[in-house]
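Add 381 to a position in the sequence shown, counting from 1, and you land on the number used in this note's numbering. Each residue gets a CB set at the ideal place from its N, CA and C atoms; glycine is no exception. Please read the structure below before turning to the comments.
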Amino acid sequence: NQSQNVFGKAAIDIVSFAALAVIIITIISVPFATVLLKLGKEEADTMSYFILSETLMLAGVFLSAWIVWHLRGFSLEGSDAFYDALEGLAVGNTAGNRSLCGRVWHILVAGAVEIAGVAFNPSSLLISLVFFLLVAVTEELALRGFVLERLLQSGVNKFVPLFLSAALFSLIHIGNPNFDFLSFINI
(Lines of atoms letter the chains of each structure in order from A; the text may use other names.)
(Lines give C-alpha, C1' and ligand atoms only; values in the text may rest on other atoms or scores of the structure.)
Protein backbone atom coordinates (compact mmCIF):
# COMPACT_ATOMS: atom_id res chain seq x y z
CA ASN A 382 0.00 0.00 0.00
CA GLN A 383 2.87 2.36 0.85
CA SER A 384 4.60 1.64 -2.49
CA GLN A 385 1.33 2.28 -4.39
CA ASN A 386 1.02 5.62 -2.62
CA VAL A 387 4.61 6.58 -3.54
CA PHE A 388 4.10 5.42 -7.16
CA GLY A 389 0.84 7.40 -7.29
CA LYS A 390 2.66 10.54 -6.15
CA ALA A 391 5.33 9.95 -8.80
CA ALA A 392 2.63 9.58 -11.46
CA ILE A 393 0.99 12.82 -10.31
CA ASP A 394 4.37 14.56 -10.43
CA ILE A 395 4.98 13.32 -13.99
CA VAL A 396 1.56 14.43 -15.22
CA SER A 397 2.03 17.79 -13.46
CA PHE A 398 5.47 18.14 -15.03
CA ALA A 399 4.13 17.43 -18.53
CA ALA A 400 1.16 19.80 -18.17
CA LEU A 401 3.32 22.52 -16.68
CA ALA A 402 5.92 22.10 -19.45
CA VAL A 403 3.25 22.57 -22.13
CA ILE A 404 1.87 25.65 -20.38
CA ILE A 405 5.29 27.24 -19.80
CA ILE A 406 6.53 26.51 -23.33
CA THR A 407 3.33 27.98 -24.77
CA ILE A 408 3.60 31.12 -22.63
CA ILE A 409 7.26 31.80 -23.41
CA SER A 410 6.81 31.00 -27.11
CA VAL A 411 3.95 33.44 -27.79
CA PRO A 412 6.11 36.59 -27.97
CA PHE A 413 8.55 34.89 -30.36
CA ALA A 414 5.75 33.47 -32.49
CA THR A 415 4.19 36.93 -32.76
CA VAL A 416 7.46 38.45 -33.96
CA LEU A 417 8.01 35.63 -36.46
CA LEU A 418 4.51 36.04 -37.87
CA LYS A 419 5.19 39.73 -38.43
CA LEU A 420 8.50 38.94 -40.14
CA GLY A 421 6.85 36.60 -42.60
CA LYS A 422 6.99 32.92 -43.44
CA GLU A 423 10.43 33.04 -45.07
CA GLU A 424 12.13 33.98 -41.80
CA ALA A 425 10.31 31.26 -39.85
CA ASP A 426 11.68 28.51 -42.09
CA THR A 427 15.31 29.03 -41.16
CA MET A 428 17.37 26.81 -38.89
CA SER A 429 17.61 29.73 -36.46
CA TYR A 430 13.88 29.39 -35.88
CA PHE A 431 14.30 25.72 -34.99
CA ILE A 432 17.17 26.48 -32.62
CA LEU A 433 15.12 29.22 -30.93
CA SER A 434 12.14 26.91 -30.67
CA GLU A 435 14.18 24.09 -29.15
CA THR A 436 15.89 26.49 -26.72
CA LEU A 437 12.47 27.65 -25.52
CA MET A 438 11.41 24.02 -25.11
CA LEU A 439 14.54 23.27 -23.08
CA ALA A 440 13.86 26.29 -20.87
CA GLY A 441 10.24 25.19 -20.38
CA VAL A 442 11.19 21.61 -19.54
CA PHE A 443 13.91 22.73 -17.13
CA LEU A 444 11.64 25.26 -15.42
CA SER A 445 8.71 22.85 -15.08
CA ALA A 446 10.99 20.13 -13.67
CA TRP A 447 12.44 22.59 -11.18
CA ILE A 448 8.97 23.79 -10.10
CA VAL A 449 7.65 20.26 -9.52
CA TRP A 450 10.82 19.18 -7.66
CA HIS A 451 10.72 22.37 -5.59
CA LEU A 452 7.02 22.08 -4.71
CA ARG A 453 7.50 18.44 -3.76
CA GLY A 454 10.39 19.42 -1.47
CA PHE A 455 13.02 17.39 -3.30
CA SER A 456 16.60 18.50 -3.56
CA LEU A 457 19.17 17.54 -6.14
CA GLU A 458 22.04 18.23 -3.74
CA GLY A 459 24.13 15.11 -3.44
CA SER A 460 22.18 13.55 -6.30
CA ASP A 461 23.77 12.17 -9.43
CA ALA A 462 20.68 13.04 -11.55
CA PHE A 463 22.56 15.63 -13.61
CA TYR A 464 25.45 13.29 -14.30
CA ASP A 465 23.05 10.43 -15.00
CA ALA A 466 21.26 12.59 -17.57
CA LEU A 467 24.60 13.50 -19.20
CA GLU A 468 25.59 9.84 -19.27
CA GLY A 469 22.22 8.95 -20.82
CA LEU A 470 22.73 11.66 -23.41
CA ALA A 471 26.14 10.31 -24.34
CA VAL A 472 25.04 6.67 -24.45
CA GLY A 473 21.83 7.47 -26.33
CA ASN A 474 23.59 9.59 -28.92
CA THR A 475 26.35 7.04 -29.39
CA ALA A 476 23.85 4.22 -29.89
CA GLY A 477 21.68 6.35 -32.17
CA ASN A 478 24.64 7.42 -34.29
CA ARG A 479 25.86 3.83 -34.62
CA SER A 480 22.37 2.69 -35.60
CA LEU A 481 21.98 5.47 -38.15
CA CYS A 482 25.43 4.84 -39.66
CA GLY A 483 24.64 1.14 -39.88
CA ARG A 484 21.37 1.80 -41.68
CA VAL A 485 23.02 4.19 -44.13
CA TRP A 486 25.79 1.65 -44.78
CA HIS A 487 23.23 -1.08 -45.51
CA ILE A 488 21.30 1.19 -47.88
CA LEU A 489 24.51 2.07 -49.72
CA VAL A 490 25.68 -1.55 -49.92
CA ALA A 491 22.26 -2.67 -51.16
CA GLY A 492 22.52 -0.12 -53.96
CA ALA A 493 19.26 1.58 -52.98
CA VAL A 494 21.02 4.96 -52.88
CA GLU A 495 23.89 6.33 -54.89
CA ILE A 496 26.07 9.22 -53.73
CA ALA A 497 26.45 11.64 -56.63
CA GLY A 498 28.58 14.18 -54.79
CA VAL A 499 29.48 15.67 -51.45
CA ALA A 500 29.19 19.30 -50.44
CA PHE A 501 30.69 20.33 -47.11
CA ASN A 502 29.33 23.46 -45.45
CA PRO A 503 30.93 23.97 -41.97
CA SER A 504 28.44 26.60 -40.79
CA SER A 505 25.47 24.43 -41.75
CA LEU A 506 27.05 21.49 -39.97
CA LEU A 507 27.67 23.54 -36.81
CA ILE A 508 24.11 24.90 -36.76
CA SER A 509 22.71 21.40 -37.24
CA LEU A 510 24.89 20.03 -34.43
CA VAL A 511 23.73 22.79 -32.07
CA PHE A 512 20.10 22.07 -32.94
CA PHE A 513 20.39 18.31 -32.46
CA LEU A 514 22.30 18.79 -29.20
CA LEU A 515 19.47 21.01 -27.91
CA VAL A 516 16.91 18.38 -28.92
CA ALA A 517 18.88 15.60 -27.21
CA VAL A 518 19.42 17.58 -24.01
CA THR A 519 15.73 18.51 -23.85
CA GLU A 520 14.63 14.89 -24.32
CA GLU A 521 17.17 13.59 -21.80
CA LEU A 522 16.20 16.18 -19.19
CA ALA A 523 12.50 15.46 -19.60
CA LEU A 524 12.52 11.69 -19.81
CA ARG A 525 15.62 10.49 -18.00
CA GLY A 526 16.33 13.49 -15.81
CA PHE A 527 12.77 13.86 -14.57
CA VAL A 528 10.47 10.98 -15.50
CA LEU A 529 12.93 8.11 -15.00
CA GLU A 530 14.47 9.63 -11.86
CA ARG A 531 11.03 10.28 -10.34
CA LEU A 532 9.81 6.76 -11.13
CA LEU A 533 12.98 5.20 -9.72
CA GLN A 534 12.40 7.15 -6.49
CA SER A 535 8.95 5.60 -6.18
CA GLY A 536 10.58 2.32 -5.17
CA VAL A 537 8.97 0.05 -7.77
CA ASN A 538 10.90 -2.63 -9.62
CA LYS A 539 13.57 -0.80 -11.65
CA PHE A 540 12.35 -2.36 -14.91
CA VAL A 541 8.97 -0.59 -14.64
CA PRO A 542 10.50 2.92 -14.72
CA LEU A 543 12.90 1.87 -17.50
CA PHE A 544 10.05 0.49 -19.62
CA LEU A 545 7.72 3.44 -18.96
CA SER A 546 10.35 6.09 -19.71
CA ALA A 547 11.39 4.23 -22.89
CA ALA A 548 7.74 3.97 -23.99
CA LEU A 549 7.21 7.69 -23.33
CA PHE A 550 10.38 8.47 -25.27
CA SER A 551 9.01 6.55 -28.25
CA LEU A 552 5.61 8.21 -27.94
CA ILE A 553 7.02 11.74 -28.05
CA HIS A 554 8.32 10.83 -31.51
CA ILE A 555 4.89 9.81 -32.79
CA GLY A 556 4.71 12.95 -34.93
CA ASN A 557 7.90 12.04 -36.80
CA PRO A 558 7.50 11.18 -40.48
CA ASN A 559 7.02 7.45 -41.15
CA PHE A 560 6.47 6.63 -37.47
CA ASP A 561 5.02 3.13 -37.16
CA PHE A 562 5.04 0.21 -34.74
CA LEU A 563 8.54 -0.86 -35.75
CA SER A 564 9.79 2.70 -35.15
CA PHE A 565 8.10 2.65 -31.75
CA ILE A 566 9.92 -0.56 -30.80
CA ASN A 567 13.27 0.63 -32.21
CA ILE A 568 13.28 3.98 -30.45
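Nearest candidate by alpha-carbon position, reference residue i, set the options
i	options	result
SER546	VAL485, PRO558, ASN557, LEU533	LEU533
ILE405	PHE443, VAL537, PHE527, SER509	PHE443
LEU507	ILE432, THR415, SER397	ILE432
ALA542	ALA446, ALA471, PHE562, LEU524	For the sequence presented, residue 542 should be read as Pro rather than Ala. The option with the nearest alpha carbon to PRO542 is LEU524.
LEU510	ALA548, ALA497, SER429, THR407	SER429
GLU468	ILE553, LEU522, PHE562, TRP486	LEU522
ILE393	LEU418, ALA497, TRP450, VAL494	TRP450
SER434	PHE501, PHE544, PHE512	PHE512
Other residues of its chain near residue i: CB distance less than 6 Å, five sequence neighbours each side excluded
i	result
SER445	PHE398, LEU401, ALA402, ILE405
ARG484	none
Residue i and residue j closer than 9 Å at C-beta
i	j	result
THR436	LEU515	yes
ILE409	GLY441	yes
LEU439	VAL518	yes
PHE413	VAL537	no
PHE527	ILE395	yes
ASN386	SER480	no
HIS554	PHE562	no
Presumed contact (8 Å Cβ cut-off) between residue i and residue j, rounded CB distance
i	j	result
SER564	ALA391	Contact doesn't hold; Cβ gap of about 27 Å is too wide.
GLU530	PHE550	Contact flag wrong, Cβ pair sits at about 14 Å.
Closer than 8 Å: residue i CB and nearest the ligand MN heavy atom
i	result
TRP450	Among the components modelled here there is no ligand, and therefore nothing to report on the ligand MN.
Beta-carbon proximity list for residue i, same chain, < 8 Å, skipping 5 on both sides
i	result
ASN557	SER564
ILE448	LEU401
ILE496	LEU489
Scan the stretch 492-520 and note each continuous alpha helix (DSSP H) run of 4 residues or more that stays entirely inside, going in chain order.
Here the runs fully enclosed are 503-520.
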